[in-house]
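**Q** Here the working numbering is used: the first residue of the sequence shown is 8, the next is one more, and so on.
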Amino acid sequence: MEQVSRKRRVLILSEGFGAGHTQAAYALASSLEQRCSTIETRVVELGSFLHPTLAPWILGAYKKTIAVQPKLYGRLYRAQYQKSLNPLTQLALHRIFYAQTAAMIRHWAPQAIVCTHPFPSVVVSRLKRAGLHIPLCTVITDYDVHGTWVSREVNKYMVSSEDVKHKLIVHGIAAAHVEITGIPVHPSFREVHDRTLIRQQFHLSSRPTVMVMGGGWGLIGGDSLSEHLLTWRDRIQFIFCLGHNHKAISKLAADPRYQHPHIHLLGFTQEIGKLMEVSDLLVTKPGGMTCSEGLAKSIPMLFYDPIPGQEEENVHYFTRHGFGESIQSADTISHWLSMLASRYADVQAKRVSNQHRKSHLPAGDGSEVILQLLG
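1. Tell me which same chain residues have a C-beta within less than 8 Å of the C-beta of E198, skipping the five on either side of it?
2. Could you check whether the region 204-217 touches the region 275-295, counting it as contact only if at least three pairs of C-beta atoms, one from each stretch, sit closer than 8 Å?
3. Kindly indicate the opening and closing residues of the beta strand (DSSP E) around C122.
4. For the region 106-114 against the region 345-356, are there 3 or more C-beta pairs whose distance is under 8 Å?
5. Taking 8 Å as the cut-off, decide whether the C-beta atoms of L232 and Y105 are in contact.
6. Would you mind listing the beta strand (DSSP E) stretches within the region 119-186 that are 3+ residues and don't spill past its ends, in chain order?
7. Measuring alpha carbon to alpha carbon, tell me which residue in I270, K174, V17 and S37 is nearest D241.
8. Buried or exposed for I176, please, with buried defined as at least 16 other CB atoms from any protein chain shown within 10 angstroms of its CB.
9. Taking the alpha-carbon of R264 as reference, which of E278, T145 and L236 has the nearest alpha-carbon?
10. Do I246 and A31 have their CB atoms nearer than 8 Å?
11. State the beta-bridge partners of T291 as determined by DSSP.
12. Is R42 helix, strand or coil when you go by DSSP?
13. Reducing DSSP to helix, strand and coil, say where L236 ends up.
14. Taking the C-alpha atoms as reference points, what is the distance between C43 and V130?
15. Shortest alpha-carbon distance to T291 belongs to which of D262, F330 and S257?
16. Relative to the C-alpha of A182, which residue among R159, F196, G154 and R113 is closest?
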């Protein structure tokens, strides 16, 4: 009788500081399992899993800082840009996570560990310094690299661009340990769907459509952005994706300006790829994952309110390559919405142009790097 081969296990560790890190983790897990039936993956948000009471408090404080004091966050980001985590923070992570993470790894016995956030990467790197021999791959989920990502215990880095690879080399990481794969997006973003069926599913019309995203936290731009968009609601359809921000959904649903047949308010959905398929323009916070998903769908992008630091670098990357434009004023919005309403073919041409441009960029899902680590 033929012996059944044992599954190879890949443990993927993330954190809930923004939705992008965990989305990248699940995207990579899906790609691995689709590509190889003998691989079993497990995705864990380390802080929430090990400390379900403490983690929401920390994430809440982080989210409040981002929303209320983004400039303070930017100053902290730049002040520590070239540095790894300071000894006090490393000690805190050691006390909070070290022993429990080691126990979890022993229990699940993975053949490879992947981290999509710097904190679990720091923890696993410390375990490797103490004798853990499991290969570690770290996925940098922005178009920049902060010093906290850097550790010589990482066997492979997966990065979004040549620029990020160069920055890691400057930090002392050997070029052979860095693979330019692009940020992993879910395989569904590479599928082509029937637009008529999508519109029926979400009760959308076939008119020009703008998708507005605020990331997993649903941090839609201020009233001035919304006001400029809503003046076009008789001619253009809007899809507002608010993620897990239930308070924002309730607030906008009660606002008479949003009670219009061409305005659709959506919470968290796993079908963003389909919605991008039937949208002509994406107005978004420039998170690394959202931008990468938009790139996968070739949709033209307008960026608002970048968080100082990594999101500013994301904007620089996508505007430099011609995939999007930063909203500098109301004129930027008016230009694009006027083009949508009156010169729709020009917007379609921009999407075709994006499709051609992205063919020169890395388009892998990163799974091949993990397979090589597994041997």
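Don't be surprised by glycine CBs; every beta carbon is placed ideally from N, CA and C.
**A** This is what the structure gives:
1. G280
2. yes
3. In the DSSP assignment, C122 falls within the beta strand (DSSP E) that extends over A119 to C122.
4. no
5. Result no, Cβ atoms of L232 and Y105 do not sit closer than 8 Å.
6. Whole beta strand (DSSP E) segments, 3+ residues: 119-122, 143-146 and 163-166.
7. I270
8. exposed
9. L236
10. Going by C-beta atoms, I246 is not nearer than 8 Å to A31.
11. M220 and F310
12. helix
13. helix
14. 28 Å
15. F330
16. R159
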